[in-house]
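Trainee: Counted the way the UniProt record's numbering counts, the sequence shown spans residues 1 to 337.
For each residue, glycine too, the CB sits at the ideal point set by N, CA and C.
There's a structure below that I have some questions on.
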Amino acid sequence: MPVFNSGKYLETAINSVLSQTLNEIELFLIDDGSIDGSSELCDNFALKDKRVKVIHQKNAGICKARNVALNMTHGEYIAFIDHDDEYLLDFLEKAYKVAQEVNADIVKLSKKEIIFREQVVVRERYYQLNSQILEKKDIKRNFFSLLENGVFTCVWDGIYKKEIVLNNGVRFDEFFKNGGEDIDFMMQIVKYVELLVTVPDICYLHYIRKGFSTSAKFKIQKVDHLKELPKRVNNTLDYLDLHISQYEDAYSYYLVKEYISPIVALYANPRCNFDYLEKKRMIEKVRNAHYMIPGFFRRKTCLIFKKSIKMGTVYFLFKYKMYRLLLLVFSLRLKYV
């Protein structure tokens, strides 16, 4: 668990791990230069529970913190948790039991997302997976479906066989300072996975607190990280011998959801002080990026609408260069959700 100025949420997150029904665990708390009392709280937990190991380091970011812990683990499987989230009581036991039954390399469980604004819940969303046991050939065949359903989006909703991670040099790339590190990690590890299991049980609570989470802050550097992700996805597609030309609809949807939408949302952020012409110029750069496959703008809008009205709207406005309206849609969404 990376820890950085975690405030009042840290104790709940740690307790959710230590109270797991699976007792044979070790918890690494990587204090990433906290100055709000989180460091001392970590040390107090280590004094009370021998399963807790604390490492203090100068602030270096979430990727460095996670990598430090990866190099120190002793268990058969590795799991992650954010410092302001929660495991439900049987998360680890359920995941480990499934992993043991079929010798899975990765087990992914379902999750619940809770969005707060000023301490008030404004939205709850369930990300429920199907019950599946996927061999390598199944992962390749269902790659974009797994990507679309969030299986490759984050790392904290599953467990990972340690030998797969360490033997293949899978690490969190410290290039990603403002998001994107989880997808990149998943794009690395999926190359080497022989068996992936998805479980419909909701066992993880992911909190988004507007004003606390780093996702609420405006960081123009995040554009560089977002631009890098399609490269990482394409690299994995090449490794798995998957050709985009055979999956143009699915790949186009991925670009709208995970590339275009986050970048437009960034420029729609009220803390972005660019004028409209500058925002338009930056969005045009997205339009002309080399990952935009030749057939992207020939996709039928209705096909994207069928998957998501929101993404269909984004695609339509982006396709026809209705940037002012596109930015307005995202600014309203940022304001009220």
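1. Checking the sheet assignment: what are the DSSP bridge partners for residue 209?
2. Kindly indicate which three-state DSSP category residue 36 falls into: helix, strand or coil?
3. With a threshold of 16 other CB atoms inside 10 Å of the CB of residue 154, please say whether the residue is buried or exposed.
4. When DSSP labels each residue in this structure, what does residue 194 get in the three-state scheme?
5. For residue 10, list the residues DSSP reports as bridge partners.
6. Could you tell me whether the stretch 287-301 touches the stretch 129-138, using the rule of 3 or more Cβ pairs below 8 Å?
7. Here's the rule: buried if 16 or more other CB atoms are within 10 angstroms of the residue's CB, otherwise exposed. What is residue 175?
8. With DSSP as the reference, label residue 107 as helix, strand or coil.
9. DSSP three-state label for residue 230, please.
10. Run through the DSSP bridge pairs and tell me what residue 179 is partnered with.
11. Which partner residues of residue 2 appear in the DSSP bridge assignment?
12. Cβ atoms of residue 61 and residue 31: under 9 Å apart, would you say?
13. Where does the unbroken beta strand (DSSP E) through residue 101 begin, and where does it stop?
14. Between residue 81 and residue 165, how many whole angstroms is the CB-CB distance? I'm expecting something under 8 Å.
15. Could you give the DSSP three-state label for residue 259: helix, strand or coil?
16. Using a 10 Å radius around the Cβ and a threshold of 16 neighbouring Cβ atoms, would you call residue 317 buried or exposed?
17. Go to residue 300, then tell me how far its beta strand (DSSP E) extends in each direction, as first and last residue.
18. Look at residue 270 and residue 222 and say whether their C-beta atoms are less than 9 Å apart.
19. For residue 170, is the classification buried or exposed, using 16 other Cβ atoms within 10 angstroms of its Cβ as the cut-off for buried?
20. Figure out for me which residue from 64, 125, 50, 148 has the closest Cα to the Cα of residue 258.
21. When you compare the CB positions of residue 52 and residue 78, do they come within less than 9 Å of one another, or not?
22. Can you name, in chain order, every residue of its own chain whose Cβ lies under 8 Å from the Cβ of residue 243, other than the five neighbours on each side?
23. For the alpha helix (DSSP H) that residue 77 lies in, which residues bound it at each end?
24. Could you check whether the stretch 300-312 touches the stretch 273-286, counting it as contact only if at least three pairs of C-beta atoms, one from each stretch, sit closer than 8 Å?
25. Where do the N-terminal and C-terminal ends of the alpha helix (DSSP H) with residue 312 fall, by residue?
26. Mapping the DSSP letters down to three states, classify residue 87 as helix, strand or coil.
27. To the nearest angstrom, how far is the alpha carbon of residue 121 from that of residue 277?
28. So, residue 247 versus residue 114, is the Cβ gap smaller than 9 Å?
29. Starting from the C-beta of residue 181, find all residues in its chain whose C-beta is less than 6 Å away, skip the five residues before and the five after it, and write them out in chain order.
30. Measure from the alpha carbon of residue 311 to the alpha carbon of each residue in 290, 275, 265, then state which is nearest.
31. Buried or exposed for residue 302, going by 16 or more other Cβ atoms inside 10 Å?
32. Based on the DSSP secondary-structure assignment, which residues constitute the bridge partners of residue 56?
Mentor: In this structure, then:
1. Paired residues: 116.
2. coil
3. buried
4. Coil at residue 194, not helix or strand.
5. Looking at the DSSP output, residue 10 sits in no beta bridge, so it has no partner there.
6. As far as the Cβ criterion goes, the stretch 287-301 does not touch the stretch 129-138, which means the pair count is below three.
7. exposed
8. strand
9. helix
10. Looking at the DSSP assignment, residue 179 forms no beta bridge with any residue, so it has no partner.
11. The partner list for residue 2 (beta bridge, DSSP) reads 30.
12. no
13. It is not in any beta strand (DSSP E) - residue 101 instead sits in the alpha helix (DSSP H) that spans 91-102.
14. Not confirmed; about 16 Å, so no contact.
15. helix
16. Under this definition residue 317 is a buried residue.
17. Neither: residue 300 is in no beta strand (DSSP E) and is coded neither H nor E.
18. no
19. buried
20. 148
21. no
22. 237
23. Unbroken run through residue 77 is the beta strand (DSSP E), 77-79; no alpha helix (DSSP H).
24. no
25. 309-319
26. strand
27. 35 Å
28. no
29. 63, 172
30. 265
31. Burial call: exposed.
32. 31
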